[in-house]
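**Q** This is the structure I want to talk about, given as structure tokens.
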Amino acid sequence: MDDWQFDCCGEPFGIGSVVSWRIGPASSDFLAGMLGPGTGVTVDAFEDHHIGLPEVTPCTRGTVLGIQGAYRRYVRRGKGDPTLYPASDSGVLVPLRRAKRFQEDRDDLRFLGYVVRLSVPDSWPGHRTGNRRRRRRTG
188 MDDWQFDCCG
198 EPFGIGSVVS
208 WRIGPASSDF
218 LAGMLGPGTG
228 VTVDAFEDHH
238 IGLPEVTPCT
248 RGTVLGIQGA
258 YRRYVRRGKG
268 DPTLYPASDS
278 GVLVPLRRAK
288 RFQEDRDDLR
298 FLGYVVRLSV
308 PDSWPGHRTG
318 NRRRRRRTG
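Quick note on our numbering: the sequence shown kicks off at 188 and runs consecutively.
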């Protein structure tokens, strides 16, 4: 789940929480592009409030099994360049017990959002294992 969407519209939750979210299919390539290929995480669904799911998308109810904070380092490319650029392969996932609005950065790592392991009923479209990882998409 993207930090900006969660900060705007998200409700804090923790491991064991029962949640109801609008989720849709996602590509793990998107997360690998943000964090780098070394994280070893796959994502098959994302939660959305603003950028992609139709308003008629039904909510999916499930239990939160795990939460990871996604972080990445940003660097300047040259002396005097005020722009920060994503540093290659600098993404890390940090285990957390709770998700909250306005999660803090960690030293020089910027918070990007949450990767959540969610247990859902077998009736969810695209269901494979009963456990879904989800995140919000940016951009």
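A virtual CB, placed ideally from N, CA and C, is assigned to each residue, including glycine.
Can you grab the Cα-Cα spacing for the pair Glu291 / Ser277, in whole Å?
**A** Between Glu291 and Ser277, the C-alpha separation is close to 17 Å.
**Q** Any contact of the region 267-281 with the region 238-253, i.e. 3+ C-beta pairs under 8 Å?
**A** No, the region 267-281 does not touch the region 238-253.
**Q** Identify whether Gly223 lies in helix, strand or coil by the three-state DSSP scheme.
**A** Gly223: coil per DSSP, three-state reduction.
**Q** According to DSSP, is Phe233 part of a helix, a strand, or is it coil?
**A** In the structure shown, Phe233 sits in a strand (DSSP, three-state: E or B).
**Q** Where Gln255 and Lys266 are concerned, what is the direct C-alpha to C-alpha distance, given to the nearest angstrom?
**A** Their backbone Cα atoms lie some 34 Å apart in a straight line.
**Q** Where does Phe289 sit, in a helix, a strand or coil, going by DSSP?
**A** Note: Phe289 maps to coil in three-state DSSP.
**Q** May I have the straight-line CA-CA distance separating Thr316 from Arg264, to the nearest angstrom?
**A** The pLDDT assigned to Thr316 is 40, lower than 50, so where the model puts this residue is not dependable, and the model offers no usable value.
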